[in-house]
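Student:
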Amino acid sequence: MNTTDLVNNDISETDFSGSESYLPSFKELSGRKFNNDELIVGYQNDANLDEILKNFKGATVEKEIPELKAVLLKLDTNVMDVEKAFEILKGKKIEGIRYVEPNYTDREIPVIKSTDSKTQKEMGSSTLNQVEEGYPDYKDKQYALKKIGAESAWEKATGEGVIVGLLDTGTDGTHPDLVDQLVEGYDPYLGVTIDPAIDYDSDGHGTHTAGIIAAKDDGQGVVGLAPDAKIMPIRIFNPGYIGDYAVADGIVWAVDHGADVLSNSWGGGGYSNILKDAFDYALTNDVVVVASSGNDTTDQFWHYPSAFTGVIGVAASDALDEITDFSSRGEYVSVAAPGNNVISSIPVRLAVSDGVVGEPFAYWAGTSMACPYVSALAALIKEEYPDANVYQIRKMIEEGAVDIDEDGYDTSAGYGRISSASLDLNPADYEAGNLVVKAISKRSSNPLPGVFITLESKETSKRYYGKTSNDGTELFAGIEPGDYEIIIGGPEYLYYFAPNYRMEEELSYSGVVEVSNVTTYTQEFETTQFKTDLTTDLSFAGTLTISLLDSYETPIKTFEFTSNAEISIDLLPDIDESGHYYLAYEYVGTIPEEEFGIRGEIQINNESIPVEIPVNQEGTGFIDEYGGLGIPWTIF
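Numbering-wise (UniProt numbering), the sequence shown opens with residue 1 and increments by one.
#1: Taking aspartate 471 as the reference, give the member of Pro481, Asp203 and Ser445 with the closest Cα.
#2: So is glycine 627 buried or exposed if we call it buried at 16+ other beta carbons inside 10 Å?
#3: Which class does tryptophan 633 belong to by DSSP, given the choice of helix, strand or coil?
#4: For residue 639, which residues of its own chain have a beta-carbon under 8 Å away from its beta-carbon, when the five flanking residues on both sides are left out?
#5: Quick one: which unbroken beta strand (DSSP E) runs of 3-plus residues sit fully inside the stretch 462 to 519? Chain order, please.
#6: Determine whether the beta carbon atoms of isoleucine 479 and arginine 394 lie at a separation below 8 Å.
#7: Quick check on DSSP: helix, strand or coil for aspartate 137?
#8: Taking 6 Å as the limit between beta carbons, can you name the residues of its chain near glutamate 625, skipping five residues before and five after?
#9: For aspartate 533, list the residues DSSP reports as bridge partners.
#10: Give me, in chain order, the residues of the same chain whose beta-carbon lies closer than 8 Å to that of phenylalanine 26; leave out the 5 immediate sequence neighbours on both sides.
#11: With a threshold of 7 Å (Cβ to nearest heavy atom), would serine 353 be considered close to the ligand FAD?
#12: Comparing alpha-carbon positions, which option in Glu560, Lys531, Tyr585 and Val588 lies nearest serine 568?
#13: Closer than 8 Å by C-beta to glycine 388: which residues in its own chain qualify, once you throw out the five before and the five after it? Chain order, please.
#14: For leucine 583, I'd like the list of residues in its chain whose CB is within less than 6 Å of its CB, leaving aside the five on either flank, ordered along the chain.
#15: From tyrosine 409 to aspartate 81, what distance separates their C-alpha atoms?
#16: Please determine, among Gly243, Gln220, Leu455 and Asp177, the residue with the shortest C-alpha to C-alpha distance to glycine 347.
#17: Drop a sphere of 10 angstroms on the beta-carbon of threonine 528, count the other beta-carbons inside from all chains shown, and report buried for 16 or more, exposed for fewer.
#18: Less than 8 Å between the CB atoms is what I'm expecting for phenylalanine 559 and glycine 589, so what's the real figure, rounded?
#19: Would you list, in sequence order, the uninterrupted beta strand (DSSP E) runs of no fewer than 3 residues that lie entirely inside the stretch 346 to 382?
#20: Would you list the residues sitting across from arginine 329 in a DSSP beta bridge?
#21: Determine whether the beta carbon atoms of tyrosine 200 and glycine 170 lie at a separation below 8 Å.
#22: Quick one: is alanine 307 near chain C, going by C-beta distance under 8 Å?
#23: Would alanine 315 pass as a contact of serine 293 if the rule is Cβ separation under 8 Å?
#24: Mapping DSSP to helix, strand and coil, what is threonine 527?
#25: Name the two residues that bound the continuous alpha helix (DSSP H) containing valine 315.
#26: In terms of residues, what are the limits of the alpha helix (DSSP H) holding residue 638?
#27: Could you tell me which of Pro614, Glu593 and Ile212 sits nearest to glycine 600, measuring between CA atoms?
#28: With DSSP run on the structure shown, which of helix, strand or coil describes aspartate 37?
#29: Glutamate 459: buried (16+ other C-beta within 10 angstroms of its C-beta) or exposed?
#30: Roughly how many angstroms lie between the CA atoms of threonine 115 and aspartate 403, to the nearest whole one?
#31: Can you give the Cα-Cα distance for isoleucine 440 and threonine 473, rounded to whole angstroms?
#32: My understanding is that aspartate 405 touches alanine 413, with C-beta atoms under 8 Å, so please give their C-beta distance in whole angstroms.
#33: Check each candidate in Thr105, Asp286 and Phe361 and name the one with the smallest Cα separation from glycine 258.
#34: Taking Cβ positions, are isoleucine 236 and leucine 182 nearer each other than 8 Å?
#35: Since alanine 153 and valine 290 should fall inside the 8 Å C-beta cutoff, what is the C-beta to C-beta distance between them, to a whole number of angstroms?
#36: Classify leucine 190 as buried or exposed, calling it buried when 16 or more other Cβ atoms lie within 10 Å of its own Cβ.
Below you can see the structure in the form of structure tokens.
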């Protein structure tokens, strides 16, 4: 990704082929849901696709998203499934392939639907403002509007001219509060556009979130926080989650068709390369991305998409300005918004079964309800300040928030509960920090992929997480300027593109970096120890030598072993370049009648690895912890 393009908001030539890449380990695959006959492949050049297809007999390219340089492969399950494909890939490194991952299907909608009959009776009481025709006026029941200061906000902006892409279950365009409030949408699973005047909601969730954002202010029903904004429905639940690939396609479609804000009341599961690329595509096109933090209660850092850098993660608060019990916590939380006991629209067809007193409105709870309030506030800011970039809008939302929960920033409420005060701030007061982290080997300056990075702001303790891509870099775009503690570790040996094969070869570093407009931080990885302590416990009549070999198996240094000897060799002084090295032995002579072999340990980075290699015939062999399989030792 081009950092200069991001900083200057010049995205016409932005290349998404350099984004963070990640191949899951088998352990991760076993704990997640995915389509067993599909693989997502991110490439640098489409010519590289032919090479990867050679490895998968019967696989075909089913779909492509050129903007993200990604394709969906269809596997012939009579030949192989996803796990078999990963077994094949684990032993190969294919030039030009950024990532390979399953098409995950384990994202969820964080919502709690109310079925409380007492609440429904209260909604039908005489406290409501009745109208001669149509539905009662429920505005007085919308405590969130009072909390946020909607009346004050509407004096400045109502969302006019702003389009909010709603990634959800679809929306009922026939609902009286939403008629003429929708624009053409998209169903990425079917690849068809959505008529804004029909009911295209598979569940009801998308109609509820749409009403929170943009229900019109007509004196009846509910009113959205941005009543003059338009909703662009992108159906990604039908009713279950349609998969990461189709969702990425929907994101790109929304960006390319005029969305200014993307509202995401869904999430969960683990990391996804293609979703990261898709949301980066939105952010670099100055589309604000908002996502719910989840209803898991727990404090976590892996909830996606809310944990992606640049995304506004939203927690749920209640009428007392307290964070709800169900709201997930984490460093990715930016702000909180009302998300408990929220009344909004539901599809007309569900009025009798699910609605309040038989009307197409319902009280629901969840970070699903909090997220659209923040999306609506972003729409108001976008109308008032059309030239504000995504970082400025995020900071205005955070800086204008009312501090609740713990003093200052905290992982429960972020910077606080949102308010109309954000509209009084000046976007020119906020300049984004952008940090590029590079991980390289000390001896040869080779880029190191698969290195974990944690940033922690010294001012707020807010954290950001990343992992280096194939070129050894990771971009943190649109973060707060200032001093950060940086912790770097890896490369993760299970990562497909990592050069090392052992956890003991991983290294870790920490430091402080001052992030400004564009900052580059380079961390050199240097292996600190590589030595052998070996012995043979029997006399032998032949000649036994131990050699250090380079990656081409050319000897660098050779040592001779004698009977019953112990030998300790410091190998690091003989290594000038980073890369793979082998330890090997050669035995010439008669093999003793008793069991004979080389035993001891290899010490690398102050970690000891036991080795035991049987020598049962003349010839050569490798020395490693796997009995001589020839696994190279990685030196940085």
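Using N, Cα and C, we set each Cβ at its ideal position, and we do this for glycine too.
Tutor: So, from the listed chains and residues:
#1: Ser445
#2: exposed
#3: strand
#4: Outside the displayed range of the chain (1 to 636) lies residue 639, so it cannot be described from this structure.
#5: When DSSP assignments are scanned along the stretch 462 to 519, the uninterrupted stretches of beta strand (DSSP E) that are 3 or more residues long and fall wholly within it turn out to be 463 to 467, 473 to 479, 482 to 490 and 507 to 515.
#6: no
#7: Aspartate 137 falls in the strand class under three-state DSSP.
#8: Contacts found: Ile609 and Val611.
#9: Looking at the DSSP output, aspartate 533 shares a beta bridge with Ser568 and Glu601.
#10: Note that phenylalanine 26 has pLDDT 43, beneath the 50 cutoff, so the model's placement of it is unreliable and the number below is only indicative. Answer for phenylalanine 26: Glu83 and Phe86, listed in chain order.
#11: Within the structure as shown, the ligand FAD is missing, as the structure has no ligands at all.
#12: Lys531
#13: Looking at the sequence provided, one finds alanine at residue 388 rather than glycine. Excluding positions up to five away in sequence, the list reads Ile381, Lys382, Met396 and Pro427.
#14: Ile623
#15: Cα to Cα, the separation comes out at about 45 Å.
#16: Residue identity differs from the one stated: residue 347 is proline in this sequence, not glycine. With distances taken between Cα atoms, proline 347 lies closest to Asp177.
#17: exposed
#18: Rounded, the Cβ-Cβ distance is 17 Å, inconsistent with contact.
#19: 361 to 365
#20: Asp299
#21: yes
#22: In summary, chain C is missing from the structure at hand, where a single protein chain is found.
#23: yes
#24: Three-state result, threonine 527: coil.
#25: Per the sequence presented here, residue 315 reads as alanine, with valine not at that position. Run containing alanine 315: none in the alpha helix (DSSP H); it sits in the beta strand (DSSP E), 312 to 317.
#26: Here the chain covers residues 1 to 636 and nothing more, so residue 638 does not appear.
#27: Out of Pro614, Glu593 and Ile212, the CA that lies nearest to the CA of glycine 600 is found in Pro614.
#28: strand
#29: exposed
#30: In this prediction, threonine 115 scores a pLDDT of 48, lower than 50, which makes its location untrustworthy; the coordinate-derived value is nonetheless stated afterwards. Their backbone Cα atoms lie some 32 Å apart in a straight line.
#31: For the pair isoleucine 440 and threonine 473, the Cα-to-Cα distance works out to about 9 Å.
#32: 4 Å
#33: Asp286
#34: Taking the C-beta atoms as reference points, leucine 182 is found no nearer than 8 Å to isoleucine 236.
#35: Contact doesn't hold; Cβ gap of about 16 Å is too wide.
#36: exposed
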